Each structure stands twice: as structure tokens, then as C-alpha cells.
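See below for the structure under consideration.
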Amino acid sequence: MSMFSVGLSGLNAAQNALNTTSNNISNVYTPGYNRELTQLGEGNVGGGVKVDAIERQFNTYVANQLNSAKTQSSALETYNNQVSQIDNLLADRAAGLAPLMQGFFSSLEDLASAPSDPAARQGVLGTASTLSAQFRSFDGYLQDMQSNINSQIKDEVTQINNSLEQIAGLNKEISLARARTGDAPNSLLNQRDHLVSELNERMDLRLNIQDGKTYNISLPNGQPLVTGTDSFKLEAVQADNDPQRTIVGYRDGSGNVVKLNESTIKGGTLGGLMSFRSETLDKTQNQIGQLAVSLSVAFNDQHKKGVDLDGELGGDFFELSKPLGYSYKGNASEIASVEFDTDNIDELRATDYTISYRNDAYSVTRNDSGDEVDFTLDGGVLSFGGVNVAFESTPQNGDKFEIQPVRRAGQDMKVAITDGDKIAAGDAGLDGEEGSSLTSFKHSGDLAVDDLKMSPGAFSDHKEYTLTLDSEGALKVEPAGATVLVGNQPFGVDSDPLEGGETVEIDGMSFTLSSLPTNGEATLTVAQNIIAASGDNRNALALQKLQSEAVVGGSASVSSAYASIVSDVGNRANITQVNLDARQGLTDQLRAVQQSESGVNLDEEAANLIRYQQYYMANARVIDTAGSIMDTILNLRG
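The opening position of the sequence shown corresponds to residue 37 in this note's numbering, with each subsequent residue numbered one higher.
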């Protein structure tokens, strides 16, 4: 090979090296760009140099490690951003529930000190209204977070689908480019690897490289998302168990949408959102709801045992939203009603439940733990966990229902009374004993009555009842229209005669009939005789005492329950932040390793420019020298 050919090969090599270096410098800030090197090799027999390849500096192992780290970092960062919002909300000293509950019970203490003072009564209504408004505000804030997560899930799914489609398209373009030139199309490879990196920031995926060239991507459970040049879509769909909940579905090759279990979606922004929702947001909503229900039911129950300034029994002080119930799509039966079981409110827990009907039998499962819970079935009403569930018709095998007892309990919480005189601060004497402030009774004839008791709300329609009994067990109640129960069964004209020892209940008043009259008839008269003492503070003291009683789940006071919620969210936020810092440190290290190999270093590239420029000039000098020699030889002939 002549000096001309050698020099030309060197010029070509130098030109390629300069082009590669220039390309590196121009793409120093291009996301996903991998530094390129010009690989030179010895020329054919006779000398010279040739360009073997323009090789991109990409380490598959490091890239996979970095993508995995980024998946976890992204999930933790998303989780941390969300949980920090709840932590700041609950722990706020000014806007949190703790100071408002303290203020409410302090106003009850003021009422107990001056039960007839209008200012004290208005103070109770004011603090109660502020407290209930804050419960509504908390519910609204947390529900807005649920809605925002639904929207973010939809956005993430859209972005994921776009990336999957682009990767499938790049698989095709790369395959065609290799077939045309035989060389690796570095630009397309960079684009594909960058898309894979972005996908891993959105959710955890599995990458399989077929034949060392084609990228196949699948979900962790193995369902394919990209197979060669084909891509499969994810869809944001409504959950079967909750119409307000958005989950992810998978559209298979037949066009059918399969709803994925929420636990299938892990890692990345999407996984972080779903983990936060199921682990923290749902739980916090239920805990706040349980607190609202427990406080309201306990307060209402005690308030009904008191008497107001008008001499009337106290009614409900707080109003609440009813429990929520949803029927799964395709059920043969629907839910007719869901009500709080106030007699068993201590069984109320901060969780949702799934009712299943299989093999002609019910089963009830806690959603937070997966444990089955005990229930009772009475007249088609299913009772468990502090709620009563009624169905429109008997469920069929395979029917499922979602029950959310306390999820939205605080959304409509408010004070049920507006007149301060209606606060039942006095003791109504609901012990039912003779001579009590609520009832007085007298009887004539041979009659033995024991255990006369009154329930809150008795005498709702009448002020006095007269009961006439005879030795045959006949019973007559005046005035007519009263509801009479004997042994919890309706008693009427066609009922069997009464017997001694039976329990009789009339409009909330109950007594045990020890024996029937032995001679003739006997009469029992029960009259309402409420003494409205303006200075009576006994029920106000009982209401104020609820602050320290275990009214939440039968094990915690309202203050300690709220403190537990704040502590739980705070600990979760702290753990998430610690894990994020540790994972981010590892991610940064892997990114540094990746950049040291694949990233562009401007100082190094500037040095290469000088080096390859000198290389180019040296080869140009070779050609120039060859030309001089040739001229000299030609001149010799003259």
C-alpha cells in the first residue's frame, strides 16, 4: 500500500474520531445518551488503518441495577410525598383535631360549672360545631387525595402505554437498521434504553433481551407488555368493590380487560401511589371515621340519658353519615341498607369488610388483615363489626359485597341541635326505680312487678300509661296504639295470655311480671314526671367524663385514639423518609458508576479533540510528504 493510501486511511480514521468526539460533546446534556468511541483496527495487508465500529459505552448489568434502584426510589419518593401531606395535616397543632377535642370537652366542663348559663351552653354548641366541621374538613381533604390518586393513576397508565408502544416500534426500527447496514444503530438503541429507564421510574417491570437484540417487557406476574414489535395496553378501570376507586386493568390479545390485583403493581410512581393508598390513606380515613363514629355514638347515648331545660329527654347531639355498602358487579342480590349497630359499637373497627356468599353460607373478611370475623344472622340482617347489613333478597352463591363502616363517616358530621336549652345537662333518672325523676308508678290490686326500667326515648307519644291485668293473663293498655312486646314478640288480641315471670315492654318501658293477680283485676299506672332542674349538672359531668373513657373500639379514649393515629402516620412518614434516603444513596452511586462509563466528560472529550486533530494533521503531513516525494521522482525524469 502506498503512502497515499496509508495517509488517506489515517485521515478517514481521524475524521471519524473527530466526528464521534463532536457528537459526544453536542449530546452531553441529552437524556439517555451513551458516550461513543471510535474503534480502530489495523488495515489490510500493506498497512493503513480502518474504522471497525462506532461503539457506544453501555453496560447492560449496570443499567439493569440502576433501573431497579430507580424503580424503588421513585416508589418511595412518591409514597413519601403523599404521606408527608397527611402527617402535616394530622400533627398541625392549630388545625389538628387534638386541640379542638380538648376545647370541646373543656366547654362541657364550663357547662357543668354553670348548667343554666346560656353562654356556657352556646360555648358547647360552638366548640361542637367547630369540632364537627374539622372532621368534615379532614374527610374532604383525605377524599380529595383519593380522587387525586385516581387521576394520577390514569395519567401514569397513559404514559406507560405510550412508552410501551414506542419500545415496540423501536424494536422494529432497530431490527430493520441492523438488516440494512449490519451495524448497531446507536441512536435508536439509546432511545430504547432511555424509555426502559423511564418505564422503571413509573412501575416495576421485567426486561428480557431476546437474542441479545429485541427487548421484551412484562409485568412481575409474567403478563407480557411488549413482545417483539407488539405492545399490550394497561387501562385505568373502576374497581369491582368500590365505584370510587381506580385500579389497573390489562387488555390481553383478545381485547378482554383483566383487572389486576393492586398488589401486582409494585415499584415506580404507580406502585408508590397504590401502596400509599392501601397502606396509609385507606387506613387513616377509616381511623378518622372510627373516631368520629365512636365519639358521636357515645356522646349521643349519654345525651339521651339527660334532660334539657325544657324538661325533655335529650336527643341525638351529633349527626353522622351512614356506613357505605357496595354490591359487586354481576351480583344476584343488592344491599338494602347498612346501619350502625349502636348496641355493639365497641366492635367497630377501622377497616373495610368483604361479605361473600358461597355454598349457601355467608363469610365476612376484614380487608386489612384478611381474617374472617364472627357475625350473627337474624331475620336476614347480618351483624358484625358494629354494623347491621340488610339485603334486598337472599344472596346467591358467588355474590360479594364491600362494606365500609367508617370510611366516610365524617363527611356529614354536624351538631343536631341549634338551641342551647336543648343540651341535656341534667340527669333524667333513667334508672326506672320508683320515685325517680323520670317515672312514677302506682298499682292497685294483687300485682307484683319487678325491674321496671326506662330506655332513652320512652314516652315519646304519651305521658302516662295504664295497664290492666287479670288472673287469666289478659292485658289491656291505655291509651290504645302503644307498642306492646312480651318476650320480644308483639302482643295483641290473638296472643296467648300472659304468664308470671314474663318480661313486658311498652314503648321503651319494660318490667317483669312476677305473678298474675290472684283475685280480680290489678292496675299499674306509669307516668312521666321529669323534673327539669336548671341547676342539675349530673349529665353534663357524665358527658365531660367521656373524654377519658374507652369509647373507641372499647379500648381507647378519643384523645389517645387520635394520638395513636398521629403517631402511626408519623412513624410511617419517618420510616419512608429513612428508606428513601438509603435507597436514593444507592441510586446515586449506581448512577455515578453508569455515568463514569457511559456519560460524557467534557474535559476528556476536549483532550480527544486535540489528540485527534493532531492525528488528522499528522496523516495530512504523510500525504503531503508522499506528494513531495512523488514530485521529486517525476522531476528526476526531466
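By construction, the Cβ of each residue, glycine as well, lies at the ideal position given by its N, Cα and C atoms.
Note that the structure is predicted; figures quoted are calculated from it, not measured.
is_contact[residue i, chain C] using C-beta, thresh 8 angstroms
i, result
"A484", "Among the chains in the structure shown there is no chain C, since it carries only a single protein chain."
Those residues which DSSP pairs with residue i across a bridge
i, result
"K295", "G285"
"Y648", "Beta-bridge pairing links Y648 to no other residue."
"P256", "The partner list for P256 (beta bridge, DSSP) is empty, contrary to what the question assumes."
"Q246", "T250"
"P526", "L521"
"Q274", "T282"
"K106", "DSSP, once it has assigned bridges, lists no residue as partnering K106."
"V85", "E78"
"F427", "I371"
"I203", "According to DSSP, which records beta bridges pairwise, I203 is partnered with nothing at all."
"F437", "S363 and I391"
Residue j beta carbon less than 8 angstroms from that of residue i
i, j, result
"L356", "D435", "no"
"T623", "K106", "yes"
"L224", "S267", "no"
"L626", "Q101", "yes"
"M239", "I283", "no"
"E641", "N55", "no"
"D463", "T548", "no"
"E508", "V522", "no"
"L73", "Q93", "yes"
"T401", "Y393", "no"
"S419", "D377", "yes"
"N252", "N70", "no"
"R281", "A272", "no"
"L147", "R157", "yes"
"D123", "V605", "yes"
Buried versus exposed, by CB contacts within 10 Å (16 or more), residue i
i, result
"I381", "buried"
"S38", "exposed"
"E408", "exposed"
"G471", "Per-residue confidence for G471 stands at a pLDDT of 32, beneath the threshold of 50, marking its modelled position as unreliable; the derived number appears in the next sentence. Label assigned to G471: exposed."
"R313", "buried"
"N433", "exposed"
"G416", "exposed"
"G590", "exposed"
"S531", "exposed"
"S187", "exposed"
"L503", "buried"
"P279", "exposed"
"L474", "Since pLDDT at L474 reaches only 43, below the 50 mark, its modelled position is unreliable, and no value is offered."
"E535", "exposed"
"V160", "buried"
"K341", "buried"
"Q650", "exposed"
"A285", "Ala is not the amino acid found at residue 285; the sequence shown has Gly there. Buried, by the Cβ-count rule."
Segment limits, beta strand (DSSP E) that includes residue i
i, result
"D455", "Counting along the chain, D455 falls outside any beta strand (DSSP E), and DSSP gives it neither H nor E."
"A220", "Counting along the chain, A220 falls outside any beta strand (DSSP E), and DSSP gives it neither H nor E."
"I391", "Y389 to R394"
"M545", "M545 to S551"
"K512", "L511 to E514"
"G308", "Not the beta strand (DSSP E): G308 falls in the alpha helix (DSSP H), residues G304 to F312."
"Y501", "E500 to D506"
"F420", "V417 to F420"
"R402", "A397 to R402"
Span of the alpha helix (DSSP H), counted from its first residue to its last, around residue i
i, result
"D624", "V594 to S634"
"R443", "Note, R443: premise wrong, no alpha helix (DSSP H); not H, not E."
"V329", "D318 to H339"
"M137", "L133 to S149"
"L582", "Per DSSP, L582 belongs to no alpha helix (DSSP H) and is neither H nor E."
"V588", "Note, V588: premise wrong, no alpha helix (DSSP H); not H, not E."
"F40", "M39 to S62"
- Three CB pairs or more closer than 8 angstroms across the stretch 79-93 and the stretch 40-52: yes
- Query: With a cut-off of 8 angstroms, do at least 3 Cβ pairs link the stretch 422-432 to the stretch 543-553?
  - Reply: no
- Counting Cβ pairs, one atom from each stretch, are 3 or more of them under 8 angstroms apart for the stretch 294-311 and the stretch 109-121? yes
- Message: Check whether the stretch 201-209 and the stretch 71-79 are in contact - that is, three or more C-beta pairs closer than 8 angstroms.
- Response: no
- Message: Check whether the stretch 251-260 and the stretch 314-334 touch, using three or more Cβ-Cβ pairs below 8 angstroms as the test.
- Response: no
- Would you call the stretch 139-146 and the stretch 572-588 in contact, with 3 or more CB pairs under 8 angstroms? yes
- Message: Under 8 angstroms: do the stretch 168-176 and the stretch 439-453 share three or more Cβ pairs, one atom per stretch?
- Response: yes
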